[in-house]
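Below you'll find the structure, written out as structure tokens, and then a few comments.
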Amino acid sequence: DASINPGNSGGPLLNVDGKVIGINTAIVASGQGIGFSIPINEAKAVMAQLIAKGRVVRGWLGVAIQDITDELASSFGVREREGVLVADVMKGGPAETAGLRAGDVVVEVNGVRVREVPDLQRRVAGLAPGERVRIVVVRDGARQPATVTIGEMPSEEPTVRAQAGEDGFGLHVEPLSPGIADRLNLAVSQGVLVVDVAAGGPAARAGLRRGDVILEVGRQPVSDAQTFGQALAAIPPGETALLYLHRPGADARNQYVVLDRGAPK
265 DASINPGNSG GPLLNVDGKV IGINTAIVAS GQGIGFSIPI NEAKAVMAQL
315 IAKGRVVRGW LGVAIQDITD ELASSFGVRE REGVLVADVM KGGPAETAGL
365 RAGDVVVEVN GVRVREVPDL QRRVAGLAPG ERVRIVVVRD GARQPATVTI
415 GEMPSEEPTV RAQAGEDGFG LHVEPLSPGI ADRLNLAVSQ GVLVVDVAAG
465 GPAARAGLRR GDVILEVGRQ PVSDAQTFGQ ALAAIPPGET ALLYLHRPGA
515 DARNQYVVLD RGAPK
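Numbering (this note's numbering), first residue to last: 265 to 529.
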């Protein structure tokens with residue numbers, strides 16, 4: 265119940281016995297008495313690395329990940345809140361070397377269950393580069409083990425830069441030509457570019473935006489606007505479509521989304 269006042273950031277958080285249990289960091293301006301602190305064990309680990317190496321070294325897996333939603337769970341053969349979805353694998357990174365792929369669902373690390381993104385991030389970051397870790401993934405509905413040699417997180421983690429009818433999904437696309445990809449500074453050269461999203465439509469509700477590049481429909485690669493249109497047309501009314509897309513920008517990343525044609529407008 266001890267408030268963190270302005271100017272106290274970086275100072276110690278004490279318990280009733282006078283022991284330092286954290287480092288004060290921030291307050292919630294809209295919430296009286298609500299503050300945040302870094303746990304002292306985490307601060308001590310960072311301090312030890314700074315003294316020994318002059319910098320903080322964290323473990324790195326080389327993947328982009330996202331939480332599992334109800335819709336994604338059914339598409340990947342897992343229960344909701346079971347594991348985290350691998351949305352992208354960095355070329356040459358530890359995960360790719362170990363055989364992990366986009367679409368895998370990480371459910372265990374060294375025998376400990378993974379339920380959400382922070383679980384995996386904390387466990388991997390706390391591992392030492394060069395350490396071998398046993399990871400269990402769900403791929404095509406089956407559990408598969410993999411052994412990954414953890415890498416060192418780069419100072420700047422590498423990122424992937426990345427006209428058909430609506431067919432009831434509320435979006436229009438155009439072919440992604442090399443010229444367009446170059447003009448938009450995209451590293452992806454296949455797929456279709458989203459040029460319009462109908463307000464309130466299924467695509468908008470799923471979070472699609474102009475400028476997204478759709479790479480797959482239903483786990484199948486999309487090479488041009490025609491194959492994209494055919495893939496959507498093959499989905500019956502009321503069914504969902506699993507899309508794999510690249511979202512460019514400062515935080516460029518790949519991710520999965522589920523379009524629900526039958527959802528009410």
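Ideal placement from N, C-alpha and C gives every residue a C-beta, glycine not left out.
When we look at the beta-carbon of residue 426 and count the other beta-carbons within 10 Å, is it buried (16 or more) or exposed? Confidence in residue 426 is poor, its pLDDT being 27 and thus under 50, which makes the residue's placement unreliable; the coordinate value appears in the next sentence. Residue 426 should be labelled buried.
Kindly list the residues whose CB is nearer than 7 Å to the CB of residue 457, restricted to its own chain and excluding five residues on each side of it in sequence; keep chain order. 437, 438, 440, 444, 477
Identify the continuous alpha helix (DSSP H) that holds residue 512 and give its terminal residues. Residue 512 -> no alpha helix (DSSP H), and no H or E assigned at all.
Under 8 Å between C-beta atoms of residue 331 and residue 395: Against a cut-off of 8 Å, the Cβ pair of residue 395 and residue 331 comes out as no contact.
Is the region 388–403 close to the region 319–328, with three or more CB pairs under 8 Å? yes
Rounded separation between residue 316 and residue 290 - CA only: Pairing residue 316 with residue 290, the inter-Cα distance amounts to about 28 Å.
Checking 8 Å against the spacing of the C-beta atoms, do residue 461 and residue 474 come in under that value? Yes, the Cβ-Cβ distance between residue 461 and residue 474 is below 8 Å.
Which one of 364, 285, 314, 448 has the shortest CA to CA distance from residue 413? 364
Distance check for residue 358 and residue 415, CA to CA, integer angstroms please. 6 Å
Classify residue 312 as buried or exposed, calling it buried when 16 or more other Cβ atoms lie within 10 Å of its own Cβ. exposed
Start and end of the alpha helix (DSSP H) containing residue 299? That residue, residue 299, is in no alpha helix (DSSP H); its beta strand (DSSP E) goes 299–303.
Residue nearest to residue 355 in terms of C-alpha spacing, selected from 349, 366, 347: 366
Going by beta-carbon coordinates alone, are residue 524 and residue 466 separated by less than 8 Å? yes
If you follow the alpha helix (DSSP H) that residue 388 is in, where does it begin and where does it stop? 381–389
Note down, one range per segment and in chain order, each alpha helix (DSSP H) of at least 4 residues found wholly within the region 445–479. Those alpha helix (DSSP H) runs which fall completely within the region 445–479 and span 4+ residues are 466–469.
Quick one: what's got a C-beta closer than 7 Å to residue 334's C-beta in the same chain, skipping five residues either side? 344
Please state the DSSP three-state secondary structure of residue 287. strand
DSSP beta-bridge partners for residue 331? 348
Quick check: what's the CA-CA separation for residue 351 versus residue 454? 17 Å
Compare the C-alpha of residue 319 against each of 417, 361, 446 and name the closest. Nearest neighbour of residue 319 by Cα position, chosen from 417, 361, 446, turns out to be 417.
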